[in-house]
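Residue numbers (this note's numbering), protein chains in the order written: chain A, 1 to 116; chain B, 1 to 113. We treat Cβ as the ideally placed atom computed from N, Cα and C, and that holds for glycine. Down below is the structure, laid out as structure tokens.
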């Protein structure tokens with residue numbers, strides 16, 4: 001009974017490169033959330049997606065960041081032209097959703113991005 | 001604006017002592033409330049959740065939380081702390097019909113023997 005799977009666990013990129021973070025939700029879950037955790041800070045909401053749709057991207061930076069959740073395959077968080085300030089832990093969560101706010105989110109172990 | 005506040009950044013307790021971690025929320029109505037725990041280098045694990053009904057909620061690992069509407073609080077408690085409870089604890093809230101789970105800044109728990 002696999003939980004939320006994120007890969008890679010650790011990712012090192014040089015400034016200006018692209019970072020692609022992958023998230024496979026729990027089986028049966030069709031709602032995916034991405035959060036960013038900066039050192040000594042809490043988790044900040046970035047984006048909420050359902051299959052093939054972005055529902056809420058109010059937490060996404062306006063430039064360089066994008067997310068998708070295709071019909072087949074994992075959800076991808078893409079960061080173009082990374083800068084040092086993008087270094088953080090990025091967590092994916094999924095829920096069974098159905099628009100119900102009481103569906104708890106199940107989190108992956110995160111991807112720790114380091115920009116050198 | 002919807003927000004969740006955890007006033008204590010760090011808390012240190014002795015093993016075997018009782019624990020209370022504070023959480024306050026600011027929402028237009030009663031949100032759904034959650035407590036998560038994060039061990040170093042790991043993801044978040046759900047400890048317990050409150051939706052409605054009984055204001056004292058039991059969770060995993062011997063934790064409980066009490067919802068107090070008059071104080072806009074949802075404090076996490078444990079009667080006797082174990083060294084393995086050392087971790088970071090996050091309170092989170094979500095509006096009914098809302099999508100976004102809003103987290104507090106977290107409280108780091110240290111347990112001394």
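With distances taken from CA atoms, which of 17/A, 43/A, 109/A and 66/A is nearest residue 53/A? 66/A
With three or more C-beta pairs closer than 8 Å as the rule, is the region 47-60 of chain B touching the region 98-110 of chain B? no
Against chain E, with Cβ distances strictly below 8 Å, would residue 41/A count as a contact? Note that chain E does not occur in the displayed structure, where the protein chains are A and B.
Helix, strand or coil for residue 85/A per DSSP? helix
Assigned secondary structure, residue 62/A (DSSP; H/G/I helix, E/B strand, else coil): coil
Taking the DSSP output, what are the residues bridged to residue 87/B? 109/B
So is residue 83/B buried or exposed if we call it buried at 16+ other beta carbons inside 10 Å? exposed
Could you give the C-beta distance for residue 89/B and residue 21/B, rounded to a whole number, given that I count them as a contact under 8 Å? 5 Å
Quick check on residue 42/B - is its C-beta less than 8 Å from some C-beta in chain A? yes
Chain A partners of residue 106/B, CB-CB under 7 Å? 42
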